[in-house]
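The structure appears below as structure tokens.
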Amino acid sequence: MACFLVLAAEAVVTTIITKTVKKKERELEANLSGAAEAKADEAPRIKLSQKLSWLNIMLWGGSLLLMLEHIWHGEVVPWFPFLTAAASAEETRAMLHEMATVGVCMALLVTAVWVCMVLAANAIVKRQPEPSEQEDKEFAV
Amino acid sequence: MTLLITVFAAVISTALWYVRAPESRMRLGTLSLMYWGASLMWLVDAVFEFIELRSDFFTPAPADMLNDAFLGLSAVALGLVVWIAIVLIKDPRNVLKGILVRK
């Protein structure tokens, strides 16, 4: 009915967090630009903003494709109130119930898979003895 | 059917990304993550549908299957359209920039 809205809402939140984290990382990099030696000693690691971007893509992309399904089934319409389930109180209640069950489960599963991805990526990076020059490229999506 | 088609798209795009990485700048990772996100969401949808329908879930009517297959293919097409738009806007190989500057 409108489960994709839960995912889109999560995507908005994670996108804002990503922007903030990216800004802080840039500031930190600018402060550490003089201390190149300390940076060279550091073990290779993936930036938090990079990891968050994986979650953003999954959430935005997934909710977009899910929205297509809802349009396909006539649950989303281009006129107010945009959701056909919002026409009556009974249907609205069913829609909210679906968002609270299916939508929340979807958001939890996508986030759980992302956490697994991050843990796996950290383990892979730690496993490599020599940091690659193209490190940023490797993790870029 | 929609879930199956999206999972196939996710696996194929991930395999292509893996073969081409890290030199490729075609952002195939973005495409694969989009499909994986959608696949996970449809997986949850399928689980809830299975809880509701039980064994009937595995014996859909041919018309429903066809409709779901069309939807799956449309979802894959929309993913490809979004991906190619991202590639053209970001222009990672500076192809568009080169063409426009030359003109």
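In order, the protein sequences belong to chains G and Z. Residue numbering for the first sequence follows the working numbering, starting at 1 and increasing by one per position. Residue numbering for the second sequence follows the working numbering, starting at 1001 and increasing by one per position. Yeah, the Cβ is synthetic: ideal placement off N, Cα and C, and Gly gets one too. Note that the structure is a prediction, hence the values are computed from the model and not measured.
- The Cβ neighbour count for ILE1084(Z), taken over all protein chains shown within 10 Å, is under 16; the residue is labelled exposed.
- If you draw a straight line from the Cα of SER63(G) to the Cα of TRP54(G), it is about 14 Å long.
- About 6 Å separates the Cβ atoms of LEU1031(Z) and GLY1079(Z), confirming a contact at the 8 Å cut-off.
- Nearest Cα to TRP1036(Z) within the set LEU1096(Z), VAL1076(Z), VAL1087(Z) and ALA1010(Z): ALA1010(Z).
- Following the DSSP letters along the chain, one finds CYS116(G) inside the alpha helix (DSSP H) bounded by residues 104-127.
- Against chain Z, a Cβ distance below 7 Å from CYS105(G) picks out VAL1044.
- For ASN1094(Z), there is no enclosing alpha helix (DSSP H), as DSSP marks it with neither H nor E.
- Closest in alpha carbon position to LEU1004(Z), among ASP1064(Z), ASP1091(Z), TRP1042(Z) and VAL1082(Z), is TRP1042(Z).
- Positions of the alpha helix (DSSP H) runs, each at least 4 residues long and wholly inside the region 1010-1062 of chain Z, are given as 1028-1053 in order along the chain.
- Interface with chain G (8 Å Cβ-Cβ cutoff): VAL1082(Z) is included.
- In the three-state reduction of the DSSP assignment, VAL77(G) falls in the coil class.
- At a cut-off of 8 Å between beta-carbon atoms, LEU5(G) makes no contact with chain Z.
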